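Input: a single structure, listed below in structure tokens.
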Amino acid sequence: MRKPDFIRYLSMNDLHREARDTWLRNAFGTYEHHTFVDLETRFLSIAESDYETLIIGGNDPVRAARFLRINRPILTRKVKIALMHGSLASKRAKLLNAGFDDVFDSARMGGEEAAMRCAAIAARYRAAANQVRAELELASSLERVANVHLLGKRERQLLKLLAERLGEPVSHYKLRTELGNSTDELSYNYLKVLASNLRAKLKSPYVLVPGGQGSYKITSMQGSKYP
């Protein structure tokens, strides 16, 4: 499991700053270090380079929670870690409730564990971002092929199954199975009706045609010899 690509660290100037800073340096090695300032936001947006993880070091959960709340729109897609030293469970709970992804305690947690936990959270953020990107790309591809706003739920599902393998045949059996529910397969006649309805809502140059051997496919008529 890899470490986060880049960390930005904001450190409160309090009694345990040196202990936290030393622990963080041993745990993560490389990061961009700034002194925490309550109403300062430029370190979140125009500092030396982009980052995927923000660590706020300090034993005052009220200040850290307020900072997170004020800057929430900027930090939506960032991993947010609070770093304390000798903290109470009640204070860690406040920070988690405020929206931090995790709370590390430099007096209790080993650096290797912290690095692994931080990397795991970052991986989940990347996976979520990839999922959103994939859904947007799928929506864009469907809109390119058909007038999606005209489609019913089942028609859209049929379009998705066929568009994922654009130009390739998809068997009637697979389509009926995927479009059915957990107990019943979609009937062949209903599939024919859905295919007919979808065919009328495709955008030029795309057409829905038999794919041979009991299948359908969506293909482009541009450069095609299909009659």
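Its first residue numbered 1218, the sequence shown is counted upward by one per residue in the numbering used here. Every residue gets a Cβ at the ideal spot worked out from N, C-alpha and C, and that includes glycine. The model shown is predicted, which means the values in this text are computed figures rather than measured ones.
Residue of the options minimising C-alpha distance to residue i
i, options, result
"residue 1227", "1368, 1291, 1261, 1434", "1261"
"residue 1248", "1311, 1422, 1332", "1332"
"residue 1433", "1419, 1349, 1386", "1386"
"residue 1447", "1364, 1268, 1370, 1303", "Residue numbering for the chain in the displayed model covers 1218 to 1444; residue 1447 lies beyond these limits and cannot be assessed."
"residue 1193", "1256, 1421, 1242", "Look at the range of the chain in this structure, 1218 to 1444, and you will see that residue 1193 is not part of it."
"residue 1459", "1406, 1397, 1361", "Because the chain spans 1218 through 1444 in this model, residue 1459 falls outside it and cannot be assessed."
"residue 1231", "1303, 1396, 1242", "1303"
"residue 1352", "1329, 1326, 1381, 1330", "1381"
"residue 1306", "1325, 1290, 1355, 1341", "1325"
"residue 1337", "1318, 1234, 1426", "1318"
"residue 1355", "1374, 1342, 1341", "1374"
"residue 1363", "1435, 1251, 1234, 1290", "1435"
CB of residue i within 9 Å of CB of residue j, strictly
i, j, result
"residue 1298", "residue 1320", "yes"
"residue 1403", "residue 1376", "no"
"residue 1237", "residue 1300", "yes"
"residue 1415", "residue 1372", "yes"
"residue 1409", "residue 1367", "no"
"residue 1274", "residue 1245", "no"
"residue 1378", "residue 1391", "yes"
"residue 1276", "residue 1229", "yes"
"residue 1270", "residue 1339", "yes"
"residue 1310", "residue 1282", "no"
"residue 1430", "residue 1388", "yes"
"residue 1255", "residue 1284", "yes"
"residue 1194", "residue 1241", "The question about residue 1194 has no answer here: the residues shown for the chain are numbered 1218 through 1444."
"residue 1396", "residue 1383", "no"
"residue 1328", "residue 1398", "no"
"residue 1308", "residue 1342", "no"
DSSP bridge partner residues for residue i (one or two, in chain order)
i, result
"residue 1296", "1270"
"residue 1435", "1425"
"residue 1356", "Answer is none; residue 1356 lacks a bridge partner."
"residue 1363", "1419"
Which full runs of the beta strand (DSSP E) of 3+ residues lie inside the region 1379-1430, going along the chain?
The region 1379-1430 contains, as complete beta strand (DSSP E) runs of 3+ residues, the segments 1423-1427 (chain order).
Whole beta strand (DSSP E) runs in the region 1223-1254 with 3 or more residues, listed along the chain?
1224-1228, 1249-1252
Write down every uninterrupted run of the alpha helix (DSSP H) in the region 1274-1349 whose length is 4 residues or greater and which is fully enclosed by it, in chain order.
1278-1287, 1306-1315
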